[in-house]
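Undergrad:
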Amino acid sequence: MHLPIRTVTPESESAAIIGWVHEIRDLGGLMFFLIRDRTGIIQVTIPKKKVPAEVLDAARDVSRESVVRVRGRVKAIDKAPGGREIVPDGLEIISLAGSPLPLDVAEKVPAEMDTRIDSRFLDARKPRVRAIFCIRSAVTCAATEFLHSRGCINITTPKIVAAATEGGTELFPIAYFEKEAFMNQSPQLYKQMMMAAGFEKVFEIGPIFRAEEHNTIRHLNEATSLDVEVSFADHNDVMELLEDLIVYVYESVAGTCGDDLAELGISLSIPGKPFPRIRYEEAIEIANRTIEDKLSFGDDLTPAAERAIGSGIGQHYFIVDWPTDIRPYYAMPYPDRPELCKAFDMMHPRMELSSGAQRVHDHDLLVERIRAKGLAPEAFEFYLKAFRYGMPPHAGWGLGIERLVMTMLDLGNIREAVLFPRDRHRLTP
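Each number in the working numbering corresponds to the 1-based position in the sequence shown with 484 added.
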């Protein structure tokens, strides 16, 4: 039985480990291997005149990133990673790696993002990259734990649909037997239907698909969304739920991912509550103080505007009270100012992370809003039917997991936060 590298201590008399050969150094009379598994790195020191001949033969044949099994004595040594080393009495090559490698796992030679993704199975062997995905796992686990604690039911909704969630052309059409179907933009319609079912509080973590022709460091065409919907709630209630979730996730990552954060050189700062809430019109004013291309009422925020506002605020914040005409048909207008709606975006200083609103729950008003967007209510009959038989007031939001991880860890490219990115140019691996 081999030990995880992290459990091998200098006090052990002997140990057996299996891992990848991270580095090889040959200094004449001594060879040094760094062996890596998912728990860490340990040094294997091979004094050529003191180890069995078969160990030396295997050591000479091995290549970087080969999988090996090492048995030997454990010794304390200050200069070695983790303060210990193994002097082997057995070295077995389990799987010999080809050479040259497509990229340098030890990161002495940096690789471009496309090269990294082309060989993601190698890229993900890097301790730094593995740390990102361990933290991403902790993020989704913490979010699930938090929402369960708030009484939310985890649901699963279709990803192949007959109609667009919000209309428009940002859809991936697919052939579905004799019909045309689409990859879903969002679970929005289905989670609202669950409000009519009396579930009251639901959430889903799953893929969403947007056929947007972006080629930026913060956009994907297949992303992961955390969606929440709550009955008998308004936009203020679900904004509070969202900021509570963000703080809980940060606290959980800080408390459980110390080694991974250290690998990334990050000291995680927990966001403070409550997050500032600024009106859309105020956000436009803040942005226009510094950006070159000025915005008017009814304009969506540009990336430059988001950066300008975020720089001024310097923390997570909400933009509220958006123009009704630029939000989806299901956003509830204010009765006394119907040109504004009860919609919000939750922002990190770098970018938008979440979008939500109180929803229209009145059937006739919803039909009116669908028509106002130039859409045909008949295409949404499966959805509208749920509003005829007792739909409670409700509100919700969707949160991008990749953007949350990207901003939490200060990553330079959203593709670093997803194992196998899908963008307008990439369908493999």
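Here a beta-carbon is modelled for each residue, glycine too, at the ideal position from N, C-alpha and C.
Can you give the beta carbon distance from Arg-522 to Arg-614, rounded, assuming they're within the 8 Å contact cut?
TA: The residue given as residue 522 occupies position 38 in the sequence shown. The residue given as residue 614 occupies position 130 in the sequence shown. Right, the Cβ-Cβ distance comes to about 7 Å (below 8 Å), so this counts as a contact.
Undergrad: How many Å lie between Arg-694 and Glu-706 at the Cα?
TA: Here the question's residue 694 lines up with position 210 in the sequence shown. Here the question's residue 706 lines up with position 222 in the sequence shown. Distance between the alpha carbons of Arg-694 and Glu-706 is about 7 Å.
Undergrad: If you count every other CB in all the chains shown that lies within 10 Å of the CB of Gly-884, and 16 or more means buried, which is it?
TA: Looking up residue 884 in the sequence shown gives position 400. It counts as buried.
Undergrad: The beta strand (DSSP E) spanning Met-597 covers which residue range?
TA: Here residue 597 refers to the residue found at position 113 when the sequence shown is read from its first residue. First-last for Met-597: 597-602, but that is the alpha helix (DSSP H), not the beta strand (DSSP E).
Undergrad: Specify the secondary structure class of Asp-718 as computed by DSSP and reduced to three states.
TA: Counting from 1 along the sequence shown, the entry for residue 718 is found at position 234. It is coil, neither helix nor strand.
Undergrad: Can you check which of these residues, Ile-530, Met-723, Glu-549 and Arg-548, is closest to Asp-541 by C-alpha distance?
TA: Position 57 of the sequence shown, counted from the start, is the residue given in the question as residue 541. Cα-wise, what sits closest to Asp-541 is Ile-530.
Undergrad: How big is the Cα-Cα spacing for Leu-725 and Gln-672?
TA: For the purposes of this step, residue 725 is taken as residue 241 along the sequence shown, with counting starting at 1. For the purposes of this step, residue 672 is taken as residue 188 along the sequence shown, with counting starting at 1. The straight-line gap from Cα to Cα measures roughly 18 Å.
Undergrad: Measuring CB to CB, does His-845 end up less than 8 Å from His-878?
TA: Within the sequence shown, residue 845 is the residue found at index 361, counting from 1. Within the sequence shown, residue 878 is the residue found at index 394, counting from 1. Yes, the pair counts as a contact, with Cβ atoms nearer than the cut-off.
Undergrad: Could you check which residue in Val-492, Tyr-814 and Leu-704 has the C-alpha nearest to that of Glu-852?
TA: Locating residue 852 in the sequence shown gives position 368, where the first residue counts as 1. Answer by Cα proximity: Tyr-814.
Undergrad: By the three-class DSSP mapping on this structure, what secondary structure does Met-816 have?
TA: Walking along the sequence shown from the start, residue 816 turns up at place 332. Coil, per DSSP.
Undergrad: Roughly how many angstroms separate the alpha carbons of Arg-702 and Asn-897, rounded to a whole number?
TA: Along the sequence shown, one-based indexing puts residue 702 at 218. Along the sequence shown, one-based indexing puts residue 897 at 413. Roughly 6 Å between the two C-alpha positions.
Undergrad: Assuming Arg-906 is part of the alpha helix (DSSP H), what are its boundary residues?
TA: Along the sequence shown, read from residue 1 onward, the residue named residue 906 stands at position 422. Run containing Arg-906: none; DSSP gives neither H nor E here.
Undergrad: If you scan the region 866-910 from start to end, which runs of the alpha helix (DSSP H) of 4 or more residues do you find wholly inside it?
TA: DSSP runs (the alpha helix (DSSP H)) wholly in the region 866-910: 885-892.
Undergrad: Beta-carbon within less than 6 Å of Ala-717's beta-carbon, same chain only, minus the 5 sequence neighbours each way: which residues are those?
TA: For this step, residue 717 is matched to residue 233 along the sequence shown. Excluding residues within five positions, the ones whose Cβ falls inside 6 Å are Ala-879.
Undergrad: Quick check on DSSP: helix, strand or coil for Gln-676?
TA: For this step, residue 676 is matched to residue 192 along the sequence shown. Looking at Gln-676 - three-state DSSP - the assignment turns out to be helix.
Undergrad: Roughly how many angstroms separate the alpha carbons of Arg-887 and Val-623, rounded to a whole number?
TA: Counting from 1 along the sequence shown, the entry for residue 887 is found at position 403. Counting from 1 along the sequence shown, the entry for residue 623 is found at position 139. Between Arg-887 and Val-623, the C-alpha separation is close to 12 Å.
Undergrad: Considering only C-alpha positions, which residue in the set Asp-598, Ser-670 and Thr-641 is nearest to Thr-912?
TA: By 1-based counting over the sequence shown, the position of residue 912 is 428. Per the Cα distances, Asp-598.
Undergrad: What does DSSP give as the partner residues of Cys-825 in its beta bridges?
TA: Along the sequence shown, one-based indexing puts residue 825 at 341. Cys-825 pairs with Trp-806 and Pro-817.
Undergrad: Determine the direct distance from the alpha carbon of Leu-518 to that of Pro-611, and round the result to whole angstroms.
TA: Taking the first residue of the sequence shown as 1, we reach residue 611 at position 127. Taking the first residue of the sequence shown as 1, we reach residue 518 at position 34. So the alpha carbons of these two residues sit roughly 13 Å apart.
Undergrad: For the structure I just gave you, are there three or more beta carbon pairs, one from the region 679-696 and one from the region 637-644, closer than 8 Å?
TA: Yes: at least three Cβ pairs fall under 8 Å.
Undergrad: Use the C-beta contact count for Lys-563: other C-beta atoms within 10 angstroms, 16 or more gives buried, fewer gives exposed.
TA: Numbered from its first residue, the sequence shown carries residue 563 at position 79. The residue is exposed, with fewer than 16 neighbouring Cβ atoms inside 10 Å.
Undergrad: In chain order, what residues of the same chain have a beta carbon less than 8 Å from the beta carbon of Ile-644, not counting five sequence neighbours either side?
TA: Here residue 644 refers to the residue found at position 160 of the sequence shown. Cβ neighbours of Ile-644 beyond the five flanking positions: Ile-658, Tyr-660, Ala-665, Phe-666, Met-667 and Asn-668.
Undergrad: Bridge partners for Gly-574 per DSSP, in chain order?
TA: For the purposes of this step, residue 574 is taken as the residue at position 90 of the sequence shown. DSSP lists Arg-555 as partners of Gly-574.
Undergrad: Near Ile-525, what residues of its chain come up, given a Cβ to Cβ distance below 8 Å and the 5 sequence neighbours on each side ignored?
TA: Here residue 525 corresponds to residue number 41 of the sequence shown, with the count starting at 1. Ile-489, His-506, Leu-518, Ile-519, Pro-565, Gly-566 and Pro-611.
Undergrad: According to DSSP, is Ser-751 part of a helix, a strand, or is it coil?
TA: Mapped onto the sequence shown, residue 751 falls at position 267. Three-state DSSP puts Ser-751 in coil, outside helix and strand.
Undergrad: Roughly how far, in whole angstroms, is the beta-carbon of Leu-587 from the beta-carbon of Ala-595, given that I think they are within contact range, below 8 Å?
TA: The count along the sequence shown starts at 1 and reaches residue 587 at position 103. The count along the sequence shown starts at 1 and reaches residue 595 at position 111. Correct: roughly 4 Å between the Cβ atoms.
Undergrad: Terminal residues of the continuous beta strand (DSSP E) containing Glu-790?
TA: One-based indexing of the sequence shown puts residue 790 at position 306. Note, Glu-790: premise wrong, no beta strand (DSSP E); alpha helix (DSSP H) at 787-797.
Undergrad: Rounded to whole angstroms, what is the Cα-Cα separation between Pro-807 and Lys-685?
TA: As a first step, residue 807 is located in the sequence shown; it is residue number 323 there, counting from the start. As a first step, residue 685 is located in the sequence shown; it is residue number 201 there, counting from the start. Straight-line Cα distance between these residues: approximately 27 Å.
Undergrad: So, helix, strand or coil for Thr-529, using DSSP?
TA: On the sequence shown, residue 529 is found 45 positions in, with the first residue counted as 1. Strand.
Undergrad: Hey, Val-558 and Ile-570: beta-carbon distance below 8 Å or not?
TA: Counted from its first residue, the sequence shown places residue 558 at position 74. Counted from its first residue, the sequence shown places residue 570 at position 86. It is a contact, given that the beta carbons lie within the stated cut-off.
Undergrad: Cβ atoms of Lys-675 and Asp-721: under 8 Å apart, would you say?
TA: Within the sequence shown, the letter at position 237 stands for residue 721. Within the sequence shown, the letter at position 191 stands for residue 675. Not closer than 8 Å, so no.
Undergrad: One question on the structure: do Gly-574 and Arg-544 come within less than 8 Å of each other, judged by their Cβ atoms?
TA: On the sequence shown, position 90 is the one that residue 574 refers to. On the sequence shown, position 60 is the one that residue 544 refers to. Taking 8 Å as the Cβ cut-off, Gly-574 and Arg-544 do not qualify as a contacting pair.
Undergrad: What ranges does the alpha helix (DSSP H) occupy inside the region 603-657, keeping only unbroken runs of at least 4 residues that lie completely in it?
TA: Taking only runs of at least 4 residues, the alpha helix (DSSP H) segments lying wholly in the region 603-657 are 604-607 and 611-633.
Undergrad: Excluding the 5 residues flanking Tyr-873 on each side, which residues of the same chain have their C-beta closer than 8 Å to its C-beta?
TA: What you label residue 873 is simply residue 389 of the sequence shown in a count that begins at 1. Only Ala-680 meet the Cβ criterion.
Undergrad: If you measure between the beta carbons of Val-546 and Ile-577, is that distance less than 8 Å?
TA: Locating residue 546 in the sequence shown gives position 62, where the first residue counts as 1. Locating residue 577 in the sequence shown gives position 93, where the first residue counts as 1. It is a contact, given that the beta carbons lie within the stated cut-off.
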